[in-house]
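One structure is given below, encoded as structure tokens.
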Amino acid sequence: MTRSIVTTSAPFPGFEPLLVGLKAAADPTRLRLLALCGAEPLSVSELVDILGQSQPRVSRHLKLLAGAGLLERKRDGAQVFYRRSPHSRLADTLAALLPLADDELARDGQRLNELRQRRTERASAYFAANAGHWDALRSLHVDDAVIERALLDSLLPHHPRKFADIGTGTGRMLELFGPHVETAVGIDASREMLDVARMKLAARNLRHIELYHADMTHLPLESGAWDQVLIHQVLHFQAHPAQALAEASRILAPGGRLAVVDFAPHDLEVLRTEHQHLRLGFSRAEIEEALRDAGLIPYDTRLLPGRPLAVTIWLAAKPT
């Protein structure tokens, strides 16, 4: 009796995703891309500048990494952004194995920091130039009265005592909520904006409101102390929106409410090129997922039509 032998072309089919990922990463430039895209989403043009290589070559490397599931690809208006996939253990493992002392990786990190600095300088110059008429600029795109009425109707029934406005700008939300709360604080990274806010609040005699100059991802506020937090039309300026939401969750008291107001996805590139927007809006699902990741429970999301941009209000609660 002869024993038949069965062979297959793929004796270890469970290894296939690992092999594909290892093959995709097996190139010095692609390893550099894995390192760069772990910090924050970066556009193709930004990666081209950092690596000093041609756009077609960088795009080819990015396509291979995304195809293997090591990078995530997201279109935002006319630009495409890449970040290391949060669902890939292989991508994180490979990035952790990269030699920190490597000269090329160190230069990439330096160029990334220079890119961040240029972003910050452009944004600071923009806010400084527009601080005096910021409210008028904002109203070009959104009917503020509709949004403000929706926020008051949504948040005031919860009887807030301590209110924090993250990215307060010229203080309009503090003017709106200040008369209804015992204590309020406004945070902004622009001193020029805060100067305008300070004058407006003084004119309204709102003496129970304090203003702080700080980044919204590192708030100088006590954890679990604020029963209402608002992030109004500033998330699209952030390189790390999820970090800002996590920081808002940190300061929120158990049972407290967070409201996020920002543009729905759009394709107005002029807001990126002339108004320093890093993101052209957010989808409903994207912010809801980030809120859950921050330990909050989304309970209401509303889309409000605008001229020409739609605005979304996300409401979330912190578990008790």
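According to my numbering, the sequence shown is numbered sequentially starting from -1. Ideal Cβ positions, reconstructed from N, Cα and C, are used throughout, including at glycine.
What number of angstroms, rounded off, separates the C-alpha of residue i from the C-alpha of residue j?
i	j	result
residue 162	residue 14	50 Å
residue 46	residue 160	46 Å
residue 218	residue 22	43 Å
residue 316	residue 257	11 Å
residue 108	residue 156	47 Å
residue 178	residue 274	33 Å
residue 303	residue 309	6 Å
residue 29	residue 72	20 Å
residue 67	residue 19	7 Å
residue 54	residue 16	26 Å
residue 48	residue 123	23 Å
residue 34	residue 245	23 Å
residue 165	residue 193	14 Å
residue 174	residue 150	8 Å
residue 61	residue 99	27 Å
residue 87	residue 103	21 Å
residue 202	residue 286	35 Å
residue 204	residue 141	25 Å
residue 184	residue 143	20 Å
residue 153	residue 195	22 Å
residue 213	residue 238	11 Å
residue 290	residue 169	28 Å
residue 259	residue 57	33 Å
residue 292	residue 112	29 Å
residue 81	residue 200	44 Å
residue 65	residue 101	28 Å
With a threshold of 16 other CB atoms inside 10 Å of the CB of residue i, please say whether the residue is buried or exposed.
i	result
residue 272	exposed
residue 211	exposed
residue 186	buried
residue 171	buried
residue 197	exposed
residue 38	buried
residue 225	buried
residue 252	exposed
residue 115	exposed
residue 84	exposed
residue 314	buried
residue 276	buried
residue 158	buried
By DSSP, does residue i sit in helix, in strand, or in coil?
i	result
residue 26	helix
residue 72	strand
residue 4	The pLDDT assigned to residue 4 is 45, lower than 50, so where the model puts this residue is not dependable; a value taken from the coordinates is nonetheless given after this. Looking at residue 4 - three-state DSSP - the assignment turns out to be coil, as it is neither helix nor strand.
residue 316	coil
residue 293	coil
residue 109	helix
residue 82	strand
residue 255	strand
residue 217	coil
residue 77	strand
residue 238	coil
residue 95	helix
residue 280	coil
residue 41	strand
residue 166	coil
residue 62	helix
residue 150	helix
residue 202	coil
residue 182	strand
residue 194	helix
residue 275	coil
residue 269	helix
residue 300	strand
residue 320	Nothing about residue 320 can be reported from this structure: the residues present for the chain run from -1 to 318 only.
residue 250	strand
Just to confirm my understanding: we take residue i, look at its own chain, exclude 5 residues before and 5 after, and list those with CB closer than 6 Å. What are they?
i	result
residue 288	240 and 243
residue 27	59
residue 182	161, 172, 176 and 207
residue 299	282 and 312
For residue i, which of the options has the nearest alpha-carbon?
i	options	result
residue 269	235, 229, 198 and 257	235
residue 208	176, 302, 215 and 225	176
residue 249	285, 294, 238 and 116	294
residue 296	302, 255 and 277	255
residue 63	50, 52, 77 and 93	93
residue 32	99, 95 and 12	95
residue 43	78, 69 and 25	78
residue 247	220, 115 and 231	220
residue 318	286, 222, 237 and 291	222
residue 230	167, 69 and 305	167
residue 24	84, 52, 83 and 89	89
residue 228	148, 200, 189 and 188	148
residue 110	70, 40, 146 and 191	40
residue 69	36, 145 and 12	36
Identify, in the order they occur along the chain, each residue of the same chain with its Cβ nearer than 8 Å to the Cβ of residue i, setting aside the five sequence neighbours on each side.
i	result
residue 278	74, 75, 234, 261, 263, 264, 265, 266, 267, 269 and 270
residue 106	30, 33, 34, 48 and 49
For residue i, collect the residues of the same chain with a Cβ closer than 7 Å to its Cβ; drop the 5 residues on either side in sequence, then sort them by chain order.
i	result
residue 301	262, 308 and 310
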